[in-house]
């Protein structure tokens with residue numbers, strides 16, 4: 001099995017993706033083909049041996065072979081013409097913009113490249129936290145109360161009181177997130193968040209709330225789940241601590257939960273995953289408050305694929321790669337145009 | 001102004017797009033560059049003079065120049081190498097799959113090609129009728145009651161009674177839509193709808209309901225609206241009648257409505273459009289029942305761009321082309337990786 005790991009791209013989380021991609025080398029025994037997408041969205045084939053983060057920060061990757069995405073896959077120029085890069089399946093490991101907002105999914109689908117990762121609808125509904133809330137509510141999954149503030153509109157909270165959390169709607173990895181305790185802090189926190197998105201979510205900050213992460217996917221109509229992790233945090237993970245998360249390869253300890261609560265989390269995960277997330281391994285981050293499960297967010301391309309939550313991550317990935325959704329068949333018939341032509345006697 | 005009209009693609013509405021594209025030739029005085037995407041998703045440059053529907057149904061288009069989409073635009077091979085197809089802006093005129101589901105938006109954004117059309121989030125929320133309902137409800141816009149039936153689950157209505165309408169969640173142009181009056185008819189109608197999508201929406205069929213269409217867009221923070229049309233219909237537009245709709249170039253008569261109702265429709269349109277649909281000219285199809293406005297559906301790539309609803313369609317299009325949203329700037333800094341390297345003394 002040859003896995004093409006696609007990483008980088010035009011994203012605030014570009015560096016996280018680089019770290020995540022390199023972390024997977026330690027984990028996977030399968031053959032890896034590294035495809036780097038730089039900030040300009042040009043693709044490069046990076047030799048697996050010797051891959052390192054400095055290669056990207058220094059610009060040295062530009063000496064490697066440039067690739068072009070066309071029907072059927074990634075092509076490299078050769079003396080005689082071009083050659084398809086051989087791989088069985090791409091793993092979309094681009095965090096944030098491009099990777100999680102639906103662009104990479106669209107590209108790979110459009111060019112008929114098989115891939116592990118969220119499809120375009122799944123991307124849009126999980127990348128934008130407002131849409132995640134809408135989607136969860138539609139399915140009867142609880143979410144914390146929230147309100148939306150848009151850039152250049154009045155900065156006033158109507159339903160949420162302090163302390164509260166300010167989050168850009170469309171970013172992961174805690175970028176631009178603040179806890180706000182007073183109205184004086186609100187303005188600054190909004191300035192920070194609006195650096196990243198013109199739409200911001202406000203949620204109550206609930207001190208006693210527990211947080212649990214559960215990763216999984218569906219293969220052959222059966223769910224494969226990771227252990228449940230209780231993420232370590234001070235008040236909230238800051239960016240640097242989250243970064244560490246992305247390079248994690250060591251297994252973590254299971255959260256201390258009742259079988260009933262694990263079951264509840266898994267059932268909520270199933271409701272969220274439905275058919276929408278087919279083809280992807282996602283991590284759902286839940287809150288538990290007074291024994292009730294709330295969806296916090298969906299990570300459709302979790303840091304280093306949440307490998308550290310699985311006992312045998314590689315076999316899950318390989319199983320998933322054999323259970324990718326197929327695109328709808330559409331037959332080229334020109335039935336309508338032909339019938340009009342026939343009626344006109346042409 | 002050189003407009004690149006992008007049409008065709010892998011879609012059940014491929015032929016509609018061909019008809020729609022050719023109709024625009026009659027309407028626009030601007031220079032048109034026709035870019036055809038065939039069922040295999042290969043791009044071709046079609047000479048504007050002599051473009052006709054048979055060219056596509058017969059396969060004759062394959063004699064034309066093949067194009068490749070890369071950073072900056074569409075390229076054609078030349079003897080010496082390759083040449084960028086010169087155009088100021090692409091008009092996404094692909095109806096249904098590819099064009100309205102977010103794929104084309106993603107491709108054009110990824111490759112930095114300016115375009116008129118819905119962006120990826122706008123596409124996903126308007127293409128899937130279930131998500132449109134979620135979105136409208138979130139904004140406080142009324143929708144008809146509905147339920148969702150998935151393929152391979154129990155075919156039972158719980159809240160909706162007969163007569164009702166069965167619609168595939170993800171198709172336009174009335175394809176796969178049926179009115180069902182008895183439980184005997186339900187099964188057949190679901191079979192038909194499931195040919196096109198594995199998710200189906202059921203809505204009550206309300207005989208006395210009025211239907212109004214309103215198209216528009218936002219330029220320089222001001223809305224430009226079309227007239228309001230009351231579409232002619234028997235019980236419901238069937239596919240053939242809808243087809244005619246796509247080749248329409250003649251202006252229609254304005255619906256006979258009070259100023260107050262026109263204002264209500266426009267205000268509802270604004271709520272829906274927000275920032276989400278920036279860069280696109282959309283048509284919202286509304287129901288009015290007992291003087292209340294309900295959103296039926298959003299057409300983010302309406303048939304022949306709803307040109308027949310505007311007094312001066314071309315000037316609206318040109319104005320819009322000068323008010324396209326820009327992508328967020330993301331600076332390549334490698335701040336985190338550099339700081340780690342520095343800490344390691346590398």
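Residue numbers (our numbering), protein chains in the order written: chain A, 1 to 346; chain B, 1 to 346. Heads up, the beta-carbon is just placed ideally off N, CA and C, and yes, glycines get one too.
According to the DSSP secondary-structure assignment, residue 91(A) is paired through a beta bridge with 5(A) and 116(A). Put simply, the CB of residue 330(B) is near chain A, with a gap under 7 Å to one of its CB atoms. In this model, residue 318(B) and residue 306(B) are separated by some 15 Å (Cα to Cα). Residue-level contact by beta carbon holds for residue 53(B) and chain A, with a gap shorter than 7 Å. Exclusion of the five residues before and after residue 302(B) leaves 215, 281, 282 and 283 as the residues of its chain whose Cβ lies within less than 8 Å of its Cβ. Ranked by Cα distance from residue 99(A), the options 89(B), 120(B) and 82(B) are led by 120(B).
Residue 320(B) places its beta carbon 7 Å or farther from that of residue 164(B). Scanning 68(B), 38(B), 87(B) and 23(B) for the CA closest to the CA of residue 81(B) turns up 68(B). With fewer than 16 other Cβ atoms inside 10 Å of its own Cβ, residue 322(B) counts as exposed. Beta-bridge pairing by DSSP links residue 300(A) to no other residue.
Where residue 68(A) is concerned, the enclosing beta strand (DSSP E) starts and stops at 65-70. With fewer than 16 other CB atoms across the displayed protein chains lying within 10 angstroms of its CB, residue 72(A) is exposed. Residue-level contact by beta carbon fails for residue 20(A) and chain B, as no gap is shorter than 7 Å. With the criterion set as a beta carbon lying under 8 Å from some beta carbon of chain B, the members of the segment 64-78 of chain A are 68, 70 and 71, in sequence order. The beta carbon of residue 338(A) sits closer than 7 Å to some beta carbon of chain B. Neighbours of residue 341(B) in chain A, taken as residues at a C-beta separation under 8 Å, are given in chain order as 53, 54 and 57. Listed in chain order, the positions of the segment 125-138 of chain B with a beta carbon within less than 9 Å of a beta carbon of chain A are 125, 127, 128, 130, 131, 133, 134, 135, 137 and 138. Its chain contains 139, 140 and 141 as the residues whose beta carbon lies nearer than 8 Å to that of residue 271(A), once the 5 sequence neighbours on both sides are disregarded; these appear in chain order. Beta bridge pairing from DSSP links residue 292(A) with 289(A). For residue 314(A), the uninterrupted alpha helix (DSSP H) run begins and ends at 313-321, by DSSP. Where residue 18(A) is concerned, the enclosing alpha helix (DSSP H) starts and stops at 14-27. Between residue 287(B) and residue 226(B), the C-beta gap is not smaller than 7 Å, which leaves the two residues out of contact. Under the DSSP assignment, residue 55(B) falls in the alpha helix (DSSP H) whose first and last residues are 53-57. When 296(A), 325(A) and 327(A) are compared, the shortest CA-CA separation from residue 144(A) is found for 296(A). For residue 253(B), there is no enclosing alpha helix (DSSP H), as DSSP gives it neither H nor E. Chain-order list of chain A residues neighbouring residue 41(B): 71 and 110, by C-beta distance under 7 Å.
Setting aside the 5 residues that flank it on each side, residue 180(B) is surrounded in the same chain by 164, 166, 186 and 189, each with a C-beta closer than 6 Å to its C-beta; the list follows chain order. Using a Cβ-Cβ cut-off of 8 Å, residue 256(A) is close to nothing in chain B; its nearest Cβ partner there is about 33 Å away. Against chain B, the beta carbon of residue 107(A) has neighbours under 7 Å at 106, 107 and 110, listed in chain order. Residue state for residue 215(B) is assigned as strand, using DSSP reduced to three classes. Secondary structure note for residue 167(B): its beta strand (DSSP E) is the uninterrupted segment 164-168. Residue 45(B): member of the beta strand (DSSP E) spanning 43-46, first to last residue.
At a cut-off of 7 Å between beta carbons, residue 279(B) makes no contact with chain A.
Rounded to the nearest whole angstrom, the CA to CA distance from residue 204(A) to residue 160(A) is 6 Å.
Distance from residue 53(A) to residue 337(B) at the Cβ level is roughly 5 Å; contact confirmed, criterion being Cβ atoms closer than 8 Å. Close to residue 10(A), with beta-carbon spacing below 7 Å, are these residues of chain B in chain order: 330.
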